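For the sequence shown, the working numbering gives the first residue as 1, with consecutive numbering after it.
Since the structure comes first, as structure tokens, the remarks are kept for the end.
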Amino acid sequence: MLRVLAVDDEVPALEEIAYLLRQDPRIEHVATAVGGVTALQDMVQMIGRGERLDGVFLDIRMPGLDGLDLARLVAGFPHPPRLVFVTAHEDCAVQAFELEAVDYLLKPVRAGRLAEAVRRLEAAIPAAADPAPEDVIPVELAGRTRFVPQQAVWFAEAKGDYVRLHTVEGSYLVRMPLAALEKRWAGSGFIRVHRSTLVSVRHVSELRFDGGRVTLQVGTETLPVSRRHTRQVREQLVRQFRDRTAVPGPAKGRPVPSGASR
């Protein structure tokens, strides 16, 4: 199901295209914007709220910010929506397709022709990949096996040839070197903060600085960060924090929320 934005500076034309789009069963949601400037503002707000936008049905000749200029700005978005131009003018088709438009419709738009544009839009959007299955660590407990999911682990602590997995429900000893677990969970939000400690970034609630000493609050535990790993930890937490939300940074002082830097 597609989520789209219709943009036109003429309200009757905007209402007509929005009405036709809402009749299409492949369309989940239709937002509207009067003019290019309003459309740009709306799209920026959508991105800030984390909303998905699959396509924009866009007029070309608009005052203030025309459709072609808006398309060039949209191309700079991290995940730009696909574009379908809807216009009364034939002379901009070459420029539109140079901007990788999915389709170019001439007004007045016929329902059948719009349906074809929606089909092309749908085909141009890559199918979402199935999420990778979550890793689970089997733990032997007095004749029974418990399966500990990766997301439940706060941090892993080296114990010789074993690691101790710490979770909200308790800790579990697993015969596996910490280096092997770090490699297994590479790219899954776990970072080395000490030669003996691997931490889940999603469970970090605070990053503290105290007289040159750096610690993390992970679940109910306070863990030291070695000097060797301090820079990497800070960069990873900042990246994670920015990915979660665009919340303004904290005021000066300690403690510092996770992901913030001084």
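Glycine included, C-beta positions come from ideal geometry on N, C-alpha and C.
All figures in this text were calculated on a predicted structure; none of them were measured in a lab.
Return the bridge partner residues of residue i from the DSSP annotation.
i: L173; result: R164
i: L58; result: V7 and F85
i: S226; result: Looking at the DSSP assignment, S226 forms no beta bridge with any residue, so it has no partner.
i: P138; result: F147
i: V218; result: V204 and E221
i: D210; result: R213
i: V153; result: T167
For the putative contact between residue i and residue j, defined by C-beta atoms under 8 angstroms, what is the C-beta separation to the nearest angstrom?
i: V193; j: V168; result: The pair is not a contact, with the Cβ atoms about 19 angstroms apart (cut-off 8 angstroms).
i: K159; j: L173; result: 7 angstroms
i: L40; j: R3; result: Their Cβ separation, rounded to whole angstroms, is 17 angstroms, which puts L40 and R3 out of contact at 8 angstroms.
i: V86; j: K107; result: 7 angstroms
i: L223; j: V201; result: Their Cβ separation, rounded to whole angstroms, is 13 angstroms, which puts L223 and V201 out of contact at 8 angstroms.
Report the three-state DSSP secondary structure of residue i (helix, strand or coil).
i: P12; result: helix
i: V34; result: strand
i: V84; result: strand
i: A101; result: coil
i: D69; result: helix
i: W26; result: Residue identity check: residue 26 is Arg in the sequence provided, not Trp. Here R26 sits in coil by DSSP.
i: L21; result: helix
i: K183; result: helix
i: I47; result: helix
i: L53; result: coil
i: V193; result: strand
i: A158; result: strand
Give me, in chain order, the residues of the same chain whose beta-carbon lies closer than 6 angstroms to that of residue i; leave out the 5 immediate sequence neighbours on both sides.
i: A71; result: L83 and L99
i: M176; result: V163
i: G219; result: W154 and H203
Have a look at residue i and residue j and give me their C-alpha separation to the nearest angstrom.
i: V153; j: L165; result: 6 angstroms
i: V7; j: P126; result: 23 angstroms
i: Q264; j: A156; result: Nothing about residue 264 can be reported from this structure: the residues present for the chain run from 1 to 262 only.
i: V74; j: P81; result: 8 angstroms
i: G212; j: L5; result: 50 angstroms
i: S196; j: M46; result: 42 angstroms
i: L20; j: E28; result: 13 angstroms
i: W185; j: V56; result: 38 angstroms
i: V37; j: P25; result: 29 angstroms
i: L178; j: D161; result: 8 angstroms
i: V44; j: A31; result: 14 angstroms
i: V136; j: F190; result: 14 angstroms
i: A180; j: L198; result: 11 angstroms
i: R110; j: P78; result: 33 angstroms
i: Q150; j: P138; result: 11 angstroms
i: R120; j: S188; result: 35 angstroms
i: G170; j: G35; result: 57 angstroms
i: D264; j: E221; result: Nothing can be reported for residue 264, as the shown portion of the chain is limited to 1 through 262.
i: R228; j: E235; result: 13 angstroms
In chain order, what residues of the same chain have a beta carbon less than 7 angstroms from the beta carbon of residue i, not counting five sequence neighbours either side?
i: A124; result: R82 and V102
i: G143; result: none
Taking only heavy atoms of the ligand MG into account, decide whether any of them is closer than 7 angstroms to the Cβ of residue i.
i: P108; result: With respect to the ligand MG, the structure shown offers nothing to examine, as it has no ligands at all.
Which residues in the same chain have their Cβ closer than 8 angstroms to the Cβ of residue i, if we skip the five residues on either side of it in sequence?
i: E10; result: D59
i: V118; result: L2, L21, D24, R26 and I27
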